[in-house]
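Here's the structure, in structure tokens; my notes come after.
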Amino acid sequence: MNDKVVMPVWTFGLFIVLMNTTMFNVSIPSIIRDIDVSASLGSWIISSYSIGYALSTMIYSRLSDVLPIRRLLMLGLVILGLASVFGIFATSFQALLFARIAQSAGAGVTAGLGLVIASRYIPYERRGRAISMISAGAAMAFGLGPIVGGLITEFIGWNGLFGFTSLVLLLLPVLLRLLPKEQPKPFRFDMLGAVLTVVNSVAILTAVTQRSFFWLAVGIISIAVHIWHLRRKNESFINPKLFAEPMYRKLLFVGFSILMINLGNLFIMPLVLANLFRDSPLMIGLMIAPGAVLSAFLTRYVGRLIDRYGNIRVLIIGHVILTLVLIVFWSILDASPAVLLFGYLFFSPAASASLSSLNNETSRILPSNLIGSGMGFMQLTQFFGGSFSVAFCGMLLDYQKKSSLVHAYEFVYAVLIAVGVCSLLVLFRYLLSNHQSNSLPDNEARST
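Just so you know, we're using our numbering here: the sequence shown kicks off at 189 and counts up by one.
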């Protein structure tokens, strides 16, 4: 496989898919007004996509252990493309919600299988550059999504957002030609395990986003049933061997923390710019975009640093920068919007570098037969961190209603700083327990 061609094309597809998340954030007021629904009901246009995207990422990654990547890619992109075409003509809430859920069912193929392809077909000494490219595409999508979404919504209408996403269909024939052919492996699909995974994820994410004790109870019960199922099933949908490895468990916590910090900051920054400095939505997007662009520009250098100095060093440096930027935001938040602009120039590349090194380290410690399920569950955990962060930060702001806006935002940043410090402590424990010089160089060596 020519990874110098495949990975840029794949990253562009991931960029479009993740833009599909952030573009709709700025269009929600227009959608609520046009289709005449409440704000709480309209929020499901965002949360339904996030939930479905996280689940489909896990499912495609798990299936890649036994089914050809080309077949899964065709299925995912066709579902995403057709759902996007349908969404162009949606005029009711029911049709719009169906289009978003259908989109999410196909969208996870890009996030899930991108890391699987890099882990399976790119040599370890070049893998850092490939994975950092994927992370940079994600950073660009998060940064440019609000700008593109605002422009499309203002000049074309929110239905035009679906038209932009349907461009992924153009990538399908290119990727099918470039990707290596694989043969399916015999397997028994754990349908009950897959259903329980869906129930676990939907219940917990719904409990967080809707702040519902009922769904929290459903989630806890379904997780207990799932644990019982894992203990009695030999070939389960989520491989229990993953959780027997303490190194993998530590990395899961770190992945959860990185996305919690990243999306928590991206949730608070626009509120600060809008409510403290009265910036318009377009100006807010322009304040975030430079950091995202710089992150993409630094991709090749971050990848080289990972390949040369190792994952953990880059991961720790990225964590330190993230935490320091949050401390600056917390200490002089109301000084000037320039503080947020320049702070995000450091924050976005650090977040991208942290995710790249984390995913590369995860691919390194996993044996080859667990790459699909292990990387998939890592992606699911990261999405949980992001979804939890947005809901949790919103809840913290609600509890601070009687405080001044500055104090409320500073309190949220203090919580995010605490998360960053805890994640750093876990990283240092990981480093002490598994020094890289004593680690085997690749998955094949570990599996033997």
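A virtual CB, placed ideally from N, CA and C, is assigned to each residue, including glycine.
Hey, S561 and D191: beta-carbon distance below 9 Å or not? The residue you call residue 561 lines up with position 373 of the sequence shown. The residue you call residue 191 lines up with position 3 of the sequence shown. Taking 9 Å as the Cβ cut-off, S561 and D191 do not qualify as a contacting pair.
Backbone CA spacing between R492 and G338 [nearest angstrom]: Locating residue 492 in the sequence shown gives position 304, counting from the first residue. Locating residue 338 in the sequence shown gives position 150, counting from the first residue. So the two alpha carbons sit approximately 35 Å from each other.
Quick check: what's the CA-CA separation for L260 versus S244? As a working note, residue 260 is residue 72 in the sequence shown. As a working note, residue 244 is residue 56 in the sequence shown. The alpha-carbon atoms of L260 and S244 are separated by roughly 11 Å.
List in chain order: all unbroken alpha helix (DSSP H) runs of 4+ residues lying wholly within the stretch 541-604. 559-587
Reference T279; option with closest CA among G264, R221 and A293: In the sequence shown, counting from the first residue as 1, residue 279 sits at position 91. T279 has its Cα closest to that of R221, out of G264, R221 and A293.
Compute the Euclidean distance between the alpha carbons of A412 and S249, then round it to the nearest angstrom. Your numbering for residue 412 matches position 224 in the sequence shown. Your numbering for residue 249 matches position 61 in the sequence shown. Roughly 24 Å separates the two Cα atoms.
Top-ranked residue by Cα proximity to F580, from I504, L451 and S483: Walking along the sequence shown from the start, residue 580 turns up at place 392. Nearest of I504, L451 and S483 to F580, Cα basis: L451.
Opening and closing residue of the alpha helix (DSSP H) in which T511 lies: The residue you call residue 511 lines up with position 323 of the sequence shown. That run of the alpha helix (DSSP H) goes N499 to S519.
At the level of alpha carbons, what is the spacing between L251 and R617? Working through the sequence shown from its first residue, we reach residue 251 at position 63. Working through the sequence shown from its first residue, we reach residue 617 at position 429. Their backbone Cα atoms lie some 32 Å apart in a straight line.
Identify, in the order they occur along the chain, each residue of the same chain with its Cβ nearer than 7 Å to the Cβ of A462, setting aside the five sequence neighbours on each side. On the sequence shown, residue 462 is found 274 positions in, with the first residue counted as 1. Hits under 7 Å: I472.
Coil, strand or helix - S183 by DSSP: The structure shown does not extend to residue 183, since the chain is modelled only from 189 to 636, so the question has no answer here.
Let me know the secondary structure DSSP gives V194 once reduced to three states. As a working mapping, residue 194 is identified with position 6 in the sequence shown. V194: helix per DSSP, three-state reduction.
In chain order, what residues of the same chain have a beta carbon less than 6 Å from the beta carbon of T550, not counting five sequence neighbours either side? Mapped onto the sequence shown, residue 550 falls at position 362. Once the five neighbours on either side are set aside, the close Cβ partners of T550 are L439 and M566.
When you compare the stretch 424-441 with the stretch 295-310, are there three or more beta-carbon pairs, one atom per stretch, that lie closer than 8 Å? no
Expressed to the nearest angstrom, what Euclidean distance is found between the alpha-carbon atoms of F576 and Y237? The residue you call residue 576 lines up with position 388 of the sequence shown. The residue you call residue 237 lines up with position 49 of the sequence shown. In a straight line, the C-alpha of F576 is about 15 Å away from that of Y237.
Where G531 and L521 are concerned, what is the direct C-alpha to C-alpha distance, given to the nearest angstrom? Sequence index remark: in the sequence shown, residue 531 carries index 343 (1-based). Sequence index remark: in the sequence shown, residue 521 carries index 333 (1-based). Rounded to the nearest angstrom, the two C-alpha atoms are 11 Å apart.
Per DSSP, what kind of secondary structure is T636 in: helix, strand or coil? To locate residue 636, count along the sequence shown from 1; it is residue 448. For T636, the predicted structure reports a pLDDT of 37, less than 50, and the residue's modelled location is therefore unreliable. A value from the coordinates is still provided. If DSSP states are grouped into helix, strand and coil, T636 belongs with coil.
Using 9 Å as the threshold, is the C-beta distance between I505 and A541 below it? On the sequence shown, residue 505 is found 317 positions in, with the first residue counted as 1. On the sequence shown, residue 541 is found 353 positions in, with the first residue counted as 1. In contact: I505 and A541 (Cβ atoms closer than 9 Å).
Have a look at L528 and F330 and give me their C-alpha separation to the nearest angstrom. Along the sequence shown, one-based indexing puts residue 528 at 340. Along the sequence shown, one-based indexing puts residue 330 at 142. About 16 Å.
Quick one: which unbroken alpha helix (DSSP H) runs of 4-plus residues sit fully inside the stretch 430-492? Chain order, please. 434-463 and 469-485
Check each candidate in E598, A382 and L620 and name the one with the smallest Cα separation from L585. Sequence index remark: in the sequence shown, residue 585 carries index 397 (1-based). Here the closest residue by C-alpha is E598.
Mark M379 as exposed unless 16 or more other C-beta atoms lie within 10 angstroms of its C-beta, in which case mark it buried. Position 191 of the sequence shown, counting from 1, holds the residue named residue 379. Counting Cβ neighbours within 10 Å, M379 comes out exposed, since fewer than 16 surround it.
Using the Cβ count rule (16 or more neighbours within 10 Å means buried), how would you classify N638? No statement about residue 638 is possible, as the shown extent of the chain runs from 189 to 636 and does not include it.
When the distance is taken between beta carbons, is V396 closer than 9 Å to S410? Working through the sequence shown from its first residue, we reach residue 410 at position 222. Working through the sequence shown from its first residue, we reach residue 396 at position 208. No. Outside cutoff.
Rounded to whole angstroms, how far is the Cβ of S320 from the Cβ of T511, which I believe are closer than 8 Å? The count along the sequence shown starts at 1 and reaches residue 320 at position 132. The count along the sequence shown starts at 1 and reaches residue 511 at position 323. Contact doesn't hold; Cβ gap of about 20 Å is too wide.
Spatial distance of L360 from V205 (CA atoms): Locating residue 360 in the sequence shown gives position 172, counting from the first residue. Locating residue 205 in the sequence shown gives position 17, counting from the first residue. Taking the straight line from one Cα to the other gives about 13 Å.
DSSP on T210, reduced to helix/strand/coil? Residue 210 sits at position 22 when you count from the first residue of the sequence shown. Note: T210 maps to helix in three-state DSSP.
Write down the C-beta distance between G479 and L533 rounded to the nearest angstrom, noting that I regard them as a contact closer than 8 Å. Position 291 of the sequence shown, counting from 1, holds the residue named residue 479. Position 345 of the sequence shown, counting from 1, holds the residue named residue 533. Contact holds; Cβ gap of about 5 Å.
Beta carbon of Q291, beta carbon of G345: below 9 Å? If you number the sequence shown from 1, residue 291 lands on position 103. If you number the sequence shown from 1, residue 345 lands on position 157. No, they are not a contact pair.
Within 10 angstroms of the Cβ of L358, are there 16 or more other Cβ atoms? Answer buried if so, exposed if not. On the sequence shown, residue 358 is found 170 positions in, with the first residue counted as 1. Flag for L358 reads exposed.
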